[in-house]
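Mind the numbering: the sequence shown is residues -23 to -1, 1 to 643 in mature numbering (1 follows the signal peptide of the UniProt record, and there is no 0), read in order.
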Amino acid sequence: MRTLSNLLAVPLLLVLLLGCCHASGSTNETAARQWFEQFNSDLAVQRNLAVEAGWNYAVNITDENSRKRVEAELKLTEFLKLKRTEMQQFAWRNFTDKNLTRLFSKSDDIGTSVANATMQELYSSVKTRLATFYNTAKVKDPRSGEMVPLEPNIVAAMADPDVSQLVKRDFWVGWRDESGKKMKNDYEEFVRLGNAMIREAGYANLAEYWQSWYEPTSDFEQTMEKLWTEFKPYYSLLHAYVRSKLRPHFGSEIFPLTNHLPAHILGNMWAQSWANVDHLTMPYPESWTVDITKEMLRKGWNSTTMFRVSEEFFASLGLGNMTDKFWAKTVMDRLPNVEMNCHASAWDFYTNEGDFRVKQCTSVTLPYLATTHHEMGHIQYFMQYEKQPVPFRDGANPGFHEAVGDTIELAVMTPEHLVKIGLLNSTIDSNEYYVNYMFLMALKKLAFIPFGYLIDKWRWSVFKGEVTPQQYNSAWWKLRCDLQGISSPVPRSEDDFDPGAKYHVPGNTPYIRYFVSHFLQFQFYEALCNKSGHTGPLYKCDFYQSKEAGDALKKMLSAGSSKHWEDTLEELTGTREVSAAPLIRYFGPLFDFLTEANKNSSEPLTWSSECPGDDWYTSTTAPPSTTAPPPQTTTSGSSGRLAGATWLQLSMAALLGALLSTLLTR
Ligand SMILES: [Zn+2]
């Protein structure tokens, strides 16, 4: 039977076919190349103006710099939209030169900028409100009653072994009350708008868009899940061991029967690094007596020394020194007499004259030595792919960019290398010594991995609508309990919005790159160690001064994003997959130690996939938190609009990084 829809189907199909295949664009590749050349040099200029304005604002937060920053950002957006329309004169998907198609494809990706001006304004405004909640949150210090910010006060208190777990618990709750809890309605609005805007660019939702940066050749989420599944048994070894050390110290009553680790006692607001509980958990405390931070101070190191040490490592591989502009313009220390944004970051200014800079408020400590290497890795990437066309001036995928500096850090932190740079007198060639060393690396790098995974796992399901606003917080905690094996110190409900208490969620910064980079950096490290001719245990490898390692690294970095990352990875490592195998090999002796140690403890290797029930919290002797304040009214609530200059100033934070290669720390 021919129904009305059958009758309509044939002409509709014809229209669709004609629409799809009618050669409305030119396939003249010579003309396309000419167009691209002009576009490429204009794009460099436009990006440069926007980055300059962004930098000026970041290192000197004033109303004027804020206004200039918004203007430059809007100008860039307009330019990108105009050029994207112009591009449509070419049927670039059908070019025979696939490199040219790739250049056009990357230029075509302008994200949510495709949407109309009204939506842009609404989107900016909601992102501004989210960023403002986070950036202006202050919490009552339970000890003094003073209102204090996250940095440096609360971060320092969470890290301090001398601060009681009750104070830490109050800070943990207070930070979430004052940041995430106020954002829930705005976050819902942000998801709705962002999805609507990205649909105009042809993506089903923001999750699909974010994942597209990895050019997935199979289901991206399945690939990430497979990595996690492979790694999880090793994480469990660390989890059980750390639990066996912390339980007697803090007392069993704060540990739920589900075998989760209480989130507030791990030395970090998000339990994303456990490095600050090293003194409580070190396998052989008597075999590790050197305090590297003290040693740096004793030797008179300053921020410049730290950047020079990092530069020297790259230079020893033959990758070249930092440029004169880098040294002239980098901000290594907090600037006097101005407001500045101190979140460490690396900047590419898109000139062809070596203008790359780091902005960092360095303190002379071991963690900052790692951060310095991390940021310098971004700078080296910028330097090596400087000659690529602008659309290829990017990491092979976002995880690559995050992994470069961390790879160097793995070599620099080896005791052998610390001796070479004068921070250790000598190494002790004992099993205990190296188990301690690997354990310190594990508290930082392995403890992070489930956290690096779950932030975007949560956001993907939110963007896809699989998690509704009524389930935002319970879905978040399901992942925190199940994957990370941590539990909240007090009951949580849908009145809370705990994802919002982590910078990258209100800041709209994708996070899975850090998960990917924690595997990639061990793949890069192992490959570079092999090139350098290293023999012996992987964790002892320092490929310092190896030209062979340097050449291989240089080749990978200089390709930028001109090729699919699987090709780039294969060239360096011989595999096309992100793999946990080198990481597992690196930590092998530590895993053996943990396996044995766990046999002698009563701690089980697993924890419940479900969070502790509310009944556990009511039966525990811990008193209820005293810092939860009554709901407050604010001038920038979810329906409020900020006026004039304030809006301009605040929107900077929200816009920052949307279109530019400004790379942040995790
Ligand atoms: Zn980074």
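Each residue gets a CB set at the ideal place from its N, CA and C atoms; glycine is no exception.
Between the alpha carbons of MET309 and THR348 lies a gap of roughly 12 Å. Burial of ASN42 is indicated by the presence of at least 16 other C-beta atoms within 10 angstroms of its C-beta. A straight-line Cα-Cα distance of about 10 Å links MET415 and MET390.
Taking 7 Å as the cut-off, one finds no heavy atom of ligand 1 near enough to the beta carbon of HIS350.
PHE425 sits in coil when the DSSP states are folded into three classes, being neither helix nor strand. In this structure HIS495 does not touch ILE432 by the C-beta definition: roughly 13 Å separates them, more than the 8 Å allowed. Taking all protein chains in view, the Cβ of ASP332 is crowded by 16 or more other Cβ atoms within 10 Å, so the residue is classified as buried. Around the CB of ASP383, 16 or more other CB atoms lie within 10 Å, so the residue is classed as buried. The way I'd put it, the segment 311 to 323 does touch the segment 33 to 40; three or more beta-carbon pairs between them come closer than 8 Å. Looking at the backbone, the Cα of GLN447 and that of ASP154 are separated by about 18 Å. According to DSSP, PHE67 shares a beta bridge with SER3. For MET418, the three-state secondary structure derived from DSSP is helix. Taking 7 Å as the cut-off, one finds at least one heavy atom of ligand 1 near enough to the beta carbon of HIS355. Closest in C-alpha terms to GLN365, from the list LEU99, ARG553, ILE561, LYS540, comes LYS540. Check the Cα spacing between VAL103 and each of VAL168, LEU215, LYS531: the tightest is with VAL168. By the Cβ-count criterion, LEU274 is exposed, with fewer than 16 other Cβ atoms from all chains shown falling within 10 Å of its own Cβ. Nearest Cα to ASP163 within the set GLU330, GLY484, GLY537, LYS532: GLY484. Taken in chain order, the whole alpha helix (DSSP H) runs of length 4 or more contained in the segment 218 to 249 number zero.
Rounded to whole angstroms, the Cβ separation of PRO581 and ALA134 is 31 Å, and the two are not in contact under 8 Å.
Within the segment 70 to 128, the beta strand (DSSP E) runs of at least 3 residues that lie entirely inside it are, in chain order, 115 to 117, 124 to 126. If only complete runs of 3 or more residues are kept, the segment 440 to 525 shows no beta strand (DSSP E) anywhere. Taking 8 Å as the cut-off, the Cβ atoms of GLN337 and LYS531 do not count as close.
Per DSSP, SER579 lies in no beta strand (DSSP E) segment and is marked neither H nor E. The three-state secondary structure of ASP40, taken from DSSP, is helix. Shortest gap from the CB of GLU379 to any heavy atom of ligand 1: under 7 Å. Your pair ALA108 and SER3 does not check out as a contact, with CB atoms roughly 43 Å apart and the cut at 8 Å.
Look at TRP304 here: in three-state DSSP terms it is helix. By the 16-neighbour rule on beta-carbons within 10 angstroms, VAL116 is buried. A direct Cα-Cα distance of roughly 11 Å separates PRO589 from ARG469.
Under the Cβ criterion (8 Å, minimum of three pairs), the segment 171 to 188 counts as touching the segment 94 to 102.
The beta carbon of PHE425 sits closer than 7 Å to those of GLN249, SER250, HIS495, all from its chain and outside the five residues before and after it, given in chain order.
For ASP139 and GLY244, the gap between their C-alpha atoms comes out near 11 Å. Distance from the CA atom of ASP19 to the CA atom of SER523, rounded to whole angstroms, is 39 Å.
Relative to LEU549, the option among SER189, ALA536, ALA557 whose CA is nearest is ALA536. Between THR62 and ARG70, the C-beta spacing is not below 8 Å. In this structure, the alpha-carbon of TRP247 lies about 47 Å from that of ASP74.
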